[in-house]
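Visitor:
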Amino acid sequence: MRDAEPGILDDSVSHARSRAGVTVVGVSLSLAFVSALAMVPGRDDDQSRINRVVETLDPPSHRVLPGDNSPFVRTARINSGDTLGDLLARIGTRSTDVVRAMTATAEGKAAIRRLRAGRTVSALVTPDGELVALDVPVTERDFYRLERQDGELRAIDGEALHGSLTRVGSGTITSSLFAAADGAGLPDAVTMKLAELFGTEIDFHTDIRAGDEFSVLYEAKTRNGVEVGIERILAAEFVNQGRRHTVIQFDDGDGNFGYYTPEGRNLKQAFLRSPLEFSRVTSGFKMRFHPIKKAWRRHTGVDFGAASGTAIKATSNGKVDFVGSKRGYGKTVILKHRNRITTLYAHMSRFPPKLRRGQSVAQGDVIGYVGATGWATGPHLHYEFRNDNKPVDPMKVTLPEAEPLAPSDFERFRKIAERRLTQLATLNYRTTVASR
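For the sequence shown, the positions run 28 to 463 when our numbering is used.
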């Protein structure tokens, strides 16, 4: 038995590292295998059809490409009621010799009995359907492995094979970004990063519409050909209400990387639009009838509804100017930023244990958790943005941008951007064809 980590994309296909030692992590666009189908996402609240395209493309660095007979990695997520034969059929390999090999040993029989819904079986399969290797998870951490040696399948023990794959995926939103990304087979880590990258240009609380589209090119870590984590997003596009937003990752060669538009504009802004991810605005910056004071008062911030305990993030780099209880605000954090800007976060349930006044925080750092302390009728975050101590609407204020791409790096960036955008354009074309 060896440690196993669950796969992320079910019923997907990619190249893997061959036993001969050739590292295979991608193929060119002209040879790429495309899995394109319409499917209903697994979430109960989204029953609309979502296009799903998963494609293996050239990785960002040089790799050795195999010949046409190299095996592919196929993965199948175990569903309730699945038999080993069902899984092998979805993988696309003959089951007779696999079943024979596994039922010949007590360990193999135990692996069959331990098939559990939600786990992922992965296999190396030749183009003609011959099984080269099979990994069957038996616990959350361990798996049973078969490999073909001298023409026969045998249980083996050895080193896990680590590598990387470059993936692309796309989806169309019908209810939410997460539902669409789920239906497209994208890992949650990719979805969260998409929201972070485009969050400075798109308000995911109010701007998302049915019909919005996204596509993403990302590099994934693999173990025995199965995705076990995300390295980075290489490029992405988001079409929101007909407007296309594009971002490309760029490394300056000194270990520093950022995300830029095709024109070289830094997508990152000095401030995030919202301190919460995927919540909803429950009260805007306006006059309102106070639910506790029972009187009309000016609301000097924005309220975000979210579950108690949801992490609250600093919207920009700064220093903690106040942390503690503040009358009607309840448990509150105030951050001081450059250019006489301060931000306030109120009604928290608790603070991180080591948060102190005078402490420096970075954009995205967790500074507290949603609660209902102070004058609050339910769990939510009250967020204020003040310029020279004057409250302004945080949803409408023009946010400053970070530094653009250095002119000396632009030519190298342009070449990288051109290649990655071509990959995304190919994906978008194939998505359109697949949906017809």
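Cβ coordinates follow ideal geometry from the N, Cα and C atoms, glycine included.
#1: First and last residue of the beta strand (DSSP E) that includes Arg236?
#2: Kindly indicate which residue of Thr132, Leu114, Glu445, Phe412 has the alpha-carbon position closest to the one of Leu299.
#3: Mark Ala334 as exposed unless 16 or more other C-beta atoms lie within 10 angstroms of its C-beta, in which case mark it buried.
#4: Is it buried or exposed, Asp71, if we count other Cβ atoms within 10 angstroms and call 16 or more buried?
#5: For Val126, does the three-state DSSP call read helix, strand or coil?
#6: Are the beta-carbon atoms of Gly198 and Ala182 separated by less than 8 angstroms?
#7: CA-CA distance, Leu114 and Leu451?
#8: In whole angstroms, what is the alpha-carbon distance linking His364 and Thr342?
#9: Could you have a look at Gly185 and say whether DSSP puts it in helix, strand or coil?
#10: Within the chosen definition, does the stretch 377 to 385 reach the stretch 428 to 444 through at least 3 CB pairs nearer than 8 angstroms?
#11: For Ala403, which residues in the same chain have their Cβ closer than 7 angstroms to its Cβ, ignoring the five residues on either side in sequence?
#12: By how many angstroms is the C-alpha of Pro421 removed from the C-alpha of Arg325?
#13: Give the DSSP bridge partners of His407, in chain order.
#14: Identify the continuous alpha helix (DSSP H) that holds Phe225 and give its terminal residues.
#15: Among the residues of its own chain, which have a CB less than 7 angstroms from the CB of Gly285, if the five just before and after it don't count?
#16: Can you name, in chain order, every residue of its own chain whose Cβ lies under 6 angstroms from the Cβ of Val419, other than the five neighbours on each side?
#17: Between the beta-carbon of Leu408 and the beta-carbon of Asp330, is there less than 8 angstroms?
#18: Note down the Cα distance separating Arg172 from Gly345, rounded to an integer number of angstroms.
#19: For Phe277, report the span of its beta strand (DSSP E) as first-last.
#20: Flag Ser107 as yes when its Cβ comes closer than 7 angstroms to any non-hydrogen atom of the ligand ADP, and as no otherwise.
#21: Tell me whether the beta-carbon of Phe205 lies closer than 8 angstroms to the beta-carbon of Thr193.
#22: Might you give, ordered along the chain, the residues of its own chain that have their beta carbon closer than 7 angstroms to the beta carbon of Thr130, omitting 5 neighbours on each side?
#23: If you follow the beta strand (DSSP E) that Glu134 is in, where does it begin and where does it stop?
#24: Please work out which residues of its chain come closer than 7 angstroms, Cβ to Cβ, to Glu134, disregarding the five sequence neighbours upstream and downstream, and give them in chain order.
#25: Within its chain, find whatever has a CB closer than 6 angstroms to the CB of Leu142; leave out the 5 residues flanking it on each side and keep chain order.
#26: Just tell me which of Gly395, Gly351, Ala116 has its CA closest to the CA of Ala150.
#27: Considering only the beta carbon of each residue, do Pro302 and Tyr396 sit closer than 8 angstroms?
#28: If Val152 sits next to Arg101, beta carbons under 8 angstroms apart, how far is it from one beta carbon to the other, in whole angstroms?
#29: Tell me which same chain residues have a C-beta within less than 6 angstroms of the C-beta of Gln386, skipping the five on either side of it?
Guide: Taking the geometry as given:
#1: No beta strand (DSSP E) holds Arg236; DSSP gives it neither H nor E.
#2: Phe412
#3: exposed
#4: Because the pLDDT at Asp71 is just 42, under 50, the model does not fix this residue reliably, and the value given afterwards should be weighed accordingly. Counting Cβ neighbours within 10 Å, Asp71 comes out exposed, since fewer than 16 surround it.
#5: helix
#6: no
#7: 31 angstroms
#8: 10 angstroms
#9: Residue confidence for Gly185 is low, a pLDDT of 48 falling below 50, so the modelled location carries little weight and cannot support an answer.
#10: no
#11: Gly357, His374
#12: 15 angstroms
#13: Gly332, Gly398
#14: 215 to 225
#15: Phe277, Asn293, Lys295
#16: Phe412
#17: yes
#18: 51 angstroms
#19: 270 to 278
#20: Absence of the ligand ADP from the depicted structure is noted, as is the absence of any ligand whatsoever, leaving it without description.
#21: no
#22: Lys136
#23: Per DSSP, Glu134 belongs to no beta strand (DSSP E); it is in the alpha helix (DSSP H), 133 to 140.
#24: Tyr171, Ala182
#25: Ile105
#26: Ala116
#27: no
#28: 5 angstroms
#29: Val347
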